[in-house]
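Taking it in order: structure first as structure tokens, then the write-up.
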Amino acid sequence: MELDRIDIKNLAIVLNKNTTMSRYSELIENKEDIIKALIMSNINTSDDFFEQYRNNSEILAANTKIEQSVLDMLALFLSFHRYRNRKIKEFTSIGIDNISILNNYGITTTKGLIDSCNTEKKRKLVADETKISAHVIKKAVCLADIARLPGIKDIRSSLYYDCGFISIKNIASQKPTEFIEKTSQFIEANNIDKKPPLFKEITTQIAWAKVYPDVIQL
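All letters in the sequence shown, in the order written, are residues 725 to 942 by the numbering used here.
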């Protein structure tokens, strides 16, 4: 299961000044030409790009007529946003005891959690065999899904989940200002020691939520 494969055409969504660091400005300014050149060379996904880039980046530059330095920058940009498979022990919001049970069951990482619990049928099986409640299993896989986004670990993913933003698909449909308002209201109403995301932070996360594959069924 590819958790971070994106379509090259969707680079336009994430390559913007309000979602991307200034060091990638050359990609932002030339994104339409870059996207067109890659697609014309039958490079339609990030996986296609990395396969050819790693095999021979000089040939890729010649075929696409994209400067080597730009290809290197694109590879760096995509690598920076690649999926980071985390240990579930980092997600203490699902409970230390539950983490221990899942580890003993063989689910030790967020990818393993998504692979094992991305459908209702799979979640029921894990819940039945571990004796962990179905609600906790669902929350755990939702947190793992949300944590696919840039800069998100347990604190952010659990905050978003508690505010009702329970999956990447759900986050993709949000507007940054409204998202910040809802999380701020939740924090204040529940008097919890967390902070809402900054505007650029959530704008970036929403953009990536729009381009990452939807991998869990809720």
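Ideal Cβ placement from N, Cα and C applies to all residues, glycine included. These figures come from a predicted structure and were not determined experimentally.
In the same chain as LYS893, and ignoring 5 residues on each side of it, the C-beta atoms closer than 6 Å to its own belong to ASP938, in chain order. Under DSSP, the beta-bridge partners assigned to ASP731 are THR769. In the DSSP assignment, GLY836 falls within the alpha helix (DSSP H) that extends over 834–841. With contact defined as three or more Cβ pairs closer than 8 Å, the region 926–936 and the region 734–743 are in contact. Spanning the alpha carbons of GLU814 and PHE804 requires a straight line of approximately 21 Å. The C-alpha of ASP886 lies about 14 Å from the C-alpha of LYS877.
When rounded, the separation of the alpha-carbon atoms in ILE856 and ASN742 is 41 Å. Listed as beta-bridge partners of LYS899 by DSSP are no residues whatsoever.
Checking the DSSP bridge columns, you'll see LYS811 partnered with THR833.
A direct Cα-to-Cα measurement between ILE870 and SER840 gives close to 16 Å. DSSP places THR854 inside the alpha helix (DSSP H), whose first and last residues are 844–854. Apart from sequence neighbours up to five positions away, the residues of its chain that approach GLU782 with a beta-carbon distance below 8 Å are GLN792, ordered along the chain. Annotated three-state conformation of ASN779 is helix, per DSSP.
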